[in-house]
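Some notes on the structure that comes next.
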Amino acid sequence: MTDIEDAIARVPHGDALNIFVSFDASDARAHALTAEQMKSDTSPGLLLGVPVAIKDNIATTTLTTSCGSRILEGYVSPFEATAVTKLRAAGAVPFGKTNMDEFGMGSSTEHSAFGPTRNPLAPDRVPGGSSGGSAAAVAAGIVPIALGSETGGSVRQPAAFCGVVGIKPSYGRVSRYGLVAFASSLDHIGVFGATVDDAARALEVIAGFDEHDATSVDMPVPHYHTAGERSVKGLVIGRPREYFPDSLDAEVRRRCDVALDRLRALGAEIRDVSLPHTGLAIPTYYIIAPAEASANLARFDGVRYGLRMEGQGLREMYEATRSGGFGPEVTRRIMLGTYVLSAGYYDAYYRKAQRVRTLIADDFRAVFESGVDVLFTPTAPTPAFPIGSISDPYAMYLSDIFTVTANLAGVPAMSVPVGRIGGLPIGGQIIAKHFDEMSMVRVAYALELALGAEARQ
Ligand code: GLN
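Our numbering puts the first residue of the sequence shown at 145, with every later residue one more than the last.
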């Protein structure tokens, strides 16, 4: 209980950084009381009494689920996401809804209708996105764990920018029931942790089959929080050359290579590998994701959810609601998506992108079949950039260059802090084969221990 009061006392710090879209101390206290009553249970949950912040596109029945958008401002869901239900069953305390790029579209949290979130380590910089509020809530020390979502890197990239741990599980490992859809074939719920252990525990709690989500997979969930008990000796770690281009920031490269040296010293074998279609990932993602978004966001029509702006007749009402409710990036994506799906362009863009997506997934399959256990890469090409410094949408899209591939292929991937440049955190990315989160987390535990304070210097 005192933990929750401590966390509540830290919220004003979060307000200064614009971390929460909605927070209510009495709501957190009510959840804490329920958790308190679980203390006497024979097997107390893995997260008993732990406050967990939740991204604003994951449904909760108290507080808003507004997706960082005017169109859902103040909207409260009639049902709860399975991930939240599972967290509560494990004793966790849902702790506020966090700011995000509108509907998850962005890499900086600047596309929120409720203003940008600031990076707790450098308040003039972005925290990354789209789950920037969740990453910042952990980095600011308000909560040790937060839920985020990923379509193309929205957990890993902000984790890297904020110096925390972020996990995107395999597609199908965690139920998306209650996650507001952006691009359904790419969407995942993921977790942030202050440490690898925090993130591993959170993943363990939310993973598993759910009858409400037909894409969730019915297979046993390992005890991720025990992954650190096995050393990395004998593991083969691939270093894909396409993720270390000549143009890569020299310090980002150096920090990642130091991390690989540490893993080698622990007995892992480091192998140079190639994922030849990596360069096609950004254009592929930015065709498929907007295409799916244009269909998913059709439901926001002023009739069934949230905002409604009046007009003369139905058509004008739709137009007024959608043009008044969606911000510029969401509008751009809907237009792009509608274009690539339209007759005459479908084959040239959408179908071709789906084919390239298969090639990208095949790259991963081939490298893992060749005996590589996990891959190691930078999470993002640069550290956090200043708020307002990127105005070109395409330049913003390039921030996802190393993360969208794992969403296109569906493989699990995570970011761990590997050091800082001038006080700004750098993340290293570990990617594993489908449903082998265990090996990925095992490497993360080992690396965290081996780097020690170096990861935060
Ligand atoms: N930044 C990417 C985009 O804008 C990824 C977003 C996400 O993962 N939700 O689409």
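Note that CB positions come from ideal geometry on N, CA and C, so glycine has one too.
- [ ] Take the Cβ of residue 233 as the centre, count every other Cβ of all protein chains shown within 10 Å, and call the residue buried at 16 or more, exposed below.
- [x] exposed
Checklist entry - What did DSSP end up calling residue 496 once you bin it into helix, strand or coil? => result helix
Worksheet item: In three-state DSSP terms, what is residue 145?
Response: Caution applies to residue 145, whose pLDDT of 47 falls short of 50 and renders its modelled position unreliable; the model cannot decide the point.
(request) Quick one: grab the DSSP three-state call for residue 238. (result) strand
ask   = Out of 430, 207, 214 and 227, which has the shortest C-alpha to C-alpha gap to residue 547?
value = 430
Is residue 200 a contact residue of ligand 1, with contact defined as CB to any heavy atom under 7 Å? no
- Query: Closest to residue 214 by CA distance: which of 290, 469 and 150 is it?
  - Reply: 469
Does residue 363 pass the burial test, meaning 16 or more other C-beta atoms within 10 Å, or should it be called exposed? When all chains shown are included, residue 363 counts as exposed.
Worksheet entry | residue 583: CB within 7 Å of a non-hydrogen atom of ligand 1 | no
DSSP state of residue 472 mapped onto helix, strand, coil | helix
Hey, could you find the ends of the beta strand (DSSP E) residue 564 is sitting in?
557-565
Nearest candidate by alpha-carbon position, reference residue 569, set 601, 507 and 401: 601
Just to confirm, does residue 283 get its C-beta within under 7 Å of one of the non-hydrogen atoms of ligand 3?
This structure simply doesn't include ligand 3; it includes ligand 1 instead.
Selection from 300, 151 and 348 that minimises the alpha carbon distance to residue 319:
348
| said: Please report the straight-line C-alpha distance between residue 510 and residue 148, rounded to a whole angstrom. | reply: 47 Å
Compute every distance between the C-beta of residue 433 and the non-hydrogen atoms of ligand 1, then say whether any falls below 7 Å.
Correct: residue 433 has its Cβ closer than 7 Å to ligand 1.
Please name the residue in 508, 285 and 439 whose C-alpha comes closest to that of residue 550. 508
Where are the beta strand (DSSP E) runs, 3 residues long or more, that stay fully inside the region 248-319, in chain order?
-> 289-294 and 309-312
Quiz prompt | Cα-Cα separation, residue 477 to residue 503 | solution = In this model, residue 477 and residue 503 are separated by some 24 Å (Cα to Cα).
For residue 336, which residues does DSSP report across the bridge? 290 and 310
Check: residue 294 C-beta below 7 Å from any heavy atom of ligand 1
yes
Fill in: N-terminal and C-terminal residue of the alpha helix (DSSP H) that residue 601 is part of
It is not in any alpha helix (DSSP H) - residue 601 carries neither H nor E in the DSSP assignment.
Between which two residues does the beta strand (DSSP E) harbouring residue 576 extend?
-> 568-576
| said: Within 8 Å, do at least three Cβ pairs link the region 148-163 to the region 252-269? | reply: yes
Margin query: Do residue 338 and residue 288 count as a contact pair if the criterion is CB distance below 8 Å?
Written below: yes
- Query: Given a threshold of 16 other Cβ atoms within 10 Å of its Cβ, counted over all protein chains shown, does residue 313 qualify as buried or as exposed?
  - Reply: By the Cβ neighbour-count rule, residue 313 is buried, with 16 or more other Cβ atoms within 10 Å of its own.
Q. What three-state label does DSSP hand residue 170 in the structure shown?
A. helix
Check: For residue 301, is the classification buried or exposed, using 16 other Cβ atoms within 10 angstroms of its Cβ as the cut-off for buried?
Finding: With 16 or more other Cβ atoms inside 10 Å of its own Cβ, residue 301 counts as buried.
Across which residues does DSSP place residue 164 in a beta bridge pair? 242
In the DSSP assignment, the alpha helix (DSSP H) including residue 525 goes from what residue to what residue?
Run containing residue 525: none; DSSP gives neither H nor E here.
### Run of the alpha helix (DSSP H) containing residue 183, from where it starts to where it stops
Note, residue 183: premise wrong, no alpha helix (DSSP H); not H, not E.
Got a sec? Which residues, its chain only, sit under 6 Å from residue 354 by beta carbon, not counting five neighbours each side?
226, 319, 321 and 360
Using 8 Å as the threshold, is the region 514-530 in touch with the region 570-581, meaning 3 or more CB pairs across them? yes
Under 7 Å: does the beta carbon of residue 297 sit that close to some heavy atom of ligand 1?
yes
Output needed for residue 299: all residues of its chain with C-beta closer than 6 Å, excluding positions within five of it in sequence on either side, in chain order.
The beta carbon of residue 299 lies closer than 6 Å to those of 275, 292, 310, 312 and 334 in the same chain, with the five residues before and after it left out.
- So, using beta-carbon positions, are residue 560 and residue 578 closer together than 8 Å? no
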